[in-house]
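These notes concern the structure reproduced below.
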Amino acid sequence: MKQLLRKLASPLFTALENAEGEYEYSRSHRTVLYVMGLLFLLLSGIGLYFSISINQLAGLFPVILFAGIGLICLIVAFAGSDKAVAKIWRNRNETFSK
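Counting in our numbering, the sequence shown runs from 124 upward without gaps.
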């Protein structure tokens, strides 16, 4: 399952995993990414419910946006490498040359 998901989301993982330098990864970062993804999907579902109940199609834009962010978070948390999770959190040790 993970390998299929990694193949489908390979453009996302390629962009996240091609970072240079060392990175700092903590297991809690992946856990928080799961929680954040679920919260964004919950927010998307609530927005969809209210958008349909008041018959406003303009409310679908934030629903699509929040659902996309939630799915990206869950995909990276589930199938991403430690480096991809660190890249999402911007936890990399970079040395800047002058």
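Think of the CB as a built atom: it goes at the ideal place given N, C-alpha and C, for glycine as much as any other residue.
DSSP beta-bridge partners of residue i
i: residue 157; result: DSSP lists no partner for residue 157.
Residue i - containing alpha helix (DSSP H), residue span
i: residue 133; result: 133-140
i: residue 183; result: 183-202
i: residue 211; result: 205-212
Which of helix, strand or coil DSSP assigns to residue i
i: residue 126; result: helix
i: residue 175; result: helix
Close beta carbons around residue i, own chain, < 8 angstroms, minus the five adjacent residues each side
i: residue 183; result: 171 and 174
i: residue 164; result: 189, 190, 193, 194 and 197
Close Cβ partners of residue i (< 7 angstroms) along its chain, the five nearest in sequence each way excluded
i: residue 136; result: 129, 203 and 207
Can at least three beta-carbon pairs, one atom from the stretch 178-187 and one from the stretch 200-215, be found at a separation below 8 angstroms? no
Counting Cβ pairs, one atom from each stretch, are 3 or more of them under 8 angstroms apart for the stretch 153-171 and the stretch 191-198? yes
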